[in-house]
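Just so you know, we're using this note's numbering here: the sequence shown kicks off at 1 and counts up by one. Below is one structure, written out as structure tokens, with a few remarks after it.
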Amino acid sequence: RVKALNPDAHLCFYGLYAPVNTSYLRRLGADTILGGEFESGLVNLVKRLQGDSNATRSALQAEPLISLGRQRFLVPDRSGLVALSQYASLTLPDGRRRTVGYTEASRGCKHLCRHCPVVPVYGGQFRIVQRDVVLEDIRQQVATGAEHIIFGDPDFFNGVGHALALVRALHADFPHVTYDVTVKIEHLLRHAEHLPVLRDTGCLFVTSAVESLDDRVLALLDKGHTRTDFEGVVRLFRSVGLVLCPTFVAFTPWISLEGYQELLATLAELDLVEHVAPIQLAIRLLIPAGSRLLELPEVRDLVEGFDEALLSYRWRHPDPRVDRLQEEVQALVKLEEARGASRREIFGKAWLLAEQVRGEGRQPLPRRPRGPARTPIPIMSEPWYC
């Protein structure tokens, strides 16, 4: 439609999914596609178009499809964006809301998890955003009302020294501002001695992509941790006084109905029901173009073709009941969240759905461990998909 309105328009696509979907985007009319550290490419493209009236129609892209070059970043100009109050907010346990800002201290990731969309672009490399740039970005957001900062790094502890220096400086400048980060289970164990620093500098919670509690599935995803590791991190966080928010790919080709109920039962037994956003109970494995999952023969045999509109490969579970359960849980979450149901209410209904699909005798949902009730946790109005 853009080309129809303006045949001379130059269309540029950039981001993680752009370079791995080049052929599809070219057919849609893309002139330039940039992945990885894209800013230098964007600047070069603008200069090229300004200096060459024929560049718009050129079929040759001068900029690299993927660049991992180290850059000296500029502080983002957010002046043209809507007010932070129009974005997702954070609800505290006492019901108060905090206005949320967002920044990144690094990009890419040093790990090679098979299902991760970062890997086909960065290939195990990560890039640091200079500390002064990150702090100034936070400073300008605090000036416009931010009370909580999301660090959107794929893994905040990829550069642990950089990360710790940042949060210490953030807390020194703005002791009233809280934040959250995303860190691998593997890194939480390896850098356990640094967790008190997060707690003492205002970290409200840590998101970690646990993905599965089945060690076989974790090995297939090349996650670098086991179920035992995850359970160890749960205990570690409680001893330190930090909140852990696990995320999951609940539905994979290797999960069974029994395995799904085992996941729910374990979350209940570990008293993590409130820590898991309901949508995490419905997430289905995505296999994007370039995914390392395609290295596995069992995955190549499973996929049914690439759906360009969805930017992922289609697959069906060997047990159709599992696919039906996923669809029903997803619909349940959408309906119940719209009516304002609690996480525990939605969790209980997901358990009942799983029992109905299995068609076996009803089993009670495991009770949380005995002991004093834990303090409710902060909740984002829009869950973070990790």
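Backbone N, C-alpha and C fix where the C-beta goes; we use that ideal spot for every residue, glycine too.
Within 7 Å, strictly: CB atoms of residue i and residue j
i, j, result
"Arg-131", "Leu-90", "no"
"Leu-34", "Tyr-14", "yes"
"Tyr-313", "Ile-283", "no"
"Phe-393", "Gln-326", "Any question about residue 393 goes unanswered here, given that the chain covers just 1 to 386."
"Tyr-24", "Glu-308", "yes"
"Leu-68", "Ala-146", "no"
"Phe-230", "Ile-185", "yes"
"Val-178", "Leu-204", "Note that residue 178 corresponds to Thr in the displayed sequence, not to Val. Contact flag set, yes."
"Leu-195", "Val-240", "yes"
"Leu-365", "Ala-289", "no"
"Val-134", "Phe-174", "no"
"Arg-98", "His-148", "yes"
"Pro-76", "Asp-137", "yes"
"Leu-293", "Asn-21", "no"
DSSP-derived helix/strand/coil call for residue i
i, result
"His-148", "strand"
"Tyr-102", "strand"
"Gly-7", "Sequence check: residue 7 is Pro here, not Gly. Looking at Pro-7 - three-state DSSP - the assignment turns out to be coil, as it is neither helix nor strand."
"Glu-269", "helix"
"Ser-79", "coil"
"Leu-45", "helix"
"Ala-209", "strand"
"Arg-31", "Residue identity check: residue 31 is Asp in the sequence provided, not Arg. Residue state, collapsed to three classes: coil."
"Arg-1", "coil"
"Leu-90", "strand"
Contacting residues, own chain, Cβ-Cβ under 8 Å from residue i (five flanking each side not counted)
i, result
"Arg-321", "Leu-257, Val-357 and Arg-358"
"Thr-182", "Phe-151, Gly-152, Asp-153, Pro-154, Asp-155, Phe-156, Val-206, Thr-207, Ser-208, Ala-209, Trp-384 and Cys-386"
"Arg-300", "Leu-294"
Sequence-distant residues of the same chain with beta carbon closer than 7 Å to residue i, five excluded per side
i, result
"Glu-298", "none"
"Leu-11", "Val-2, Gly-29, Ala-30 and Asp-31"
"Pro-378", "Leu-90, Thr-91, Leu-92, Pro-93, Leu-204 and Phe-205"
Contact test: residue i Cβ vs the ligand ADP heavy atom, cutoff 6 Å
i, result
"Leu-264", "Absence of the ligand ADP from the depicted structure is noted, as is the absence of any ligand whatsoever, leaving it without description."
Sequence-distant residues of the same chain with beta carbon closer than 6 Å to residue i, five excluded per side
i, result
"Gln-61", "Thr-32"
"Phe-237", "Leu-244"
"Trp-351", "Leu-264 and Leu-365"
TODO: Mind the definition here: the stretch 156 to 173 touches the stretch 69 to 83 only if three or more C-beta pairs lie below 8 Å; say whether that holds.
DONE: no
Open item on the list: Taking contact to mean 3 or more Cβ pairs, one atom from each stretch, closer than 8 Å, check whether the stretch 216 to 227 and the stretch 110 to 117 are in contact.
Closed with: yes
Open item on the list: Which complete alpha helix (DSSP H) runs does the stretch 119 to 193 hold, if anything under 4 residues is left out?
Closed with: 119 to 122, 131 to 143, 160 to 173 and 185 to 190
Open item on the list: Measuring CB atoms only, is the stretch 329 to 347 touching the stretch 275 to 282, in the sense that at least three cross pairs come out at less than 8 Å?
Closed with: yes
Task: In chain order, each beta strand (DSSP E) run of at least 3 residues that lies wholly inside the stretch 315 to 350 - done: none
- [ ] Please go through the stretch 250 to 301 and give each complete alpha helix (DSSP H) segment of 4 or more residues, from N-terminal end onward.
- [x] 257 to 269
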